[in-house]
Amino acid sequence: GFKVLNGTIVANVTVDDVTYPGHAVAVVNASVDGVYTVSVAGKPYAVTVTGGSGSVDIDKLDVGDYTAELSATIANYNPVTGSDGFKVKNGTITASVVVDDVTYPDHAVATVTSDVDGVYTVTIADKPYTVTVTGGTGSVDIDQLPVGDYTAELSAEIPNYNPVKESDSFEI
């Protein structure tokens, strides 16, 4: 008699680095069509390979280093394994602070606009003011200041994003 041996599949998974809040995409290339599994951060994703290639969007991940683990058990073939490392890099926030000039004794208002909602700090004359940005904008009334020239310093430390540092000058 004779014995038919399992075939061997040549397969790999590749995942390009991505910038938060983007989604990574796992691409599987394989010599045999079928359903492969790519696991990232403990979550399995099914990838259907047709014509030698298939892909799947990975759920949004926090900033960090990850490994995509490839596996498959396809009838009449040896099991498949492989992996690829990738990074989710810090996103960049586009933000600004504007404080219009006012006439004493009026109070200035600091308005923050940003493409990322969150808590920002505007510091004027060494005093920090908290501004919550929702829907792209937020503002805070500034204490009465003596006549003079001032700079409003905007800062934020929002998870998964690079720190924010912006400023605006204004006059009372």
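In this note's numbering, the protein residues as written are 7 to 178. No residue lacks a Cβ here, since even glycine has one placed at the ideal position from N, Cα and C. Every value quoted in this text rests on a predicted model; they were computed, and no experiment measured them.
8 Å Cβ cutoff met for residue i and residue j
i	j	result
Val128	Val137	yes
Gly97	Ser120	no
Gly58	Asn84	no
Ile164	Ile99	yes
Val62	Ala32	yes
Leu160	Val94	no
Gly40	Val55	yes
Tyr110	Val153	yes
Val53	Val46	no
Asp155	Ser175	yes
Residue i versus the options, residue with shortest Cα-Cα distance
i	options	result
Asp90	Asp65, Ala30, Asp147, Ser145	Ala30
Val38	Gly48, Tyr26, Ala17, Asp22	Ala17
Ala158	Glu177, Ala78, Thr43	Glu177
Gly88	Lys133, Tyr42, Lys171	Tyr42
Val86	Pro152, Leu151, Thr14, Val122	Thr14
Thr25	Asn168, Ser175, Lys9	Asn168
Gly60	Val19, Ser45, Ala47	Val19
Ser173	Ala131, Gln150, Gly154, Val10	Ala131
Ser145	Ala162, Leu151, Lys133, Tyr126	Tyr126
Tyr51	Ser77, Pro27, Gly28	Ser77
Leu11	Asn82, Lys171, Tyr135, Gly48	Asn82
Val170	Gly7, Asp112, Gly124	Gly124
Beta-carbon separation (whole angstroms), residue i vs residue j, contact threshold 8 Å
i	j	result
Asn166	Asp23	The Cβ separation is near 14 Å, so there is no contact.
Query - Contact the segment 101-113 vs the segment 61-80: 3+ CB pairs below 8 Å - result: no
Query raised in the report: Can you give, in chain order, each stretch of the beta strand (DSSP E) that sits fully within the segment 23-78 and has at least 3 residues?
Result: 31-36, 40-46, 49-55, 59-63, 70-78
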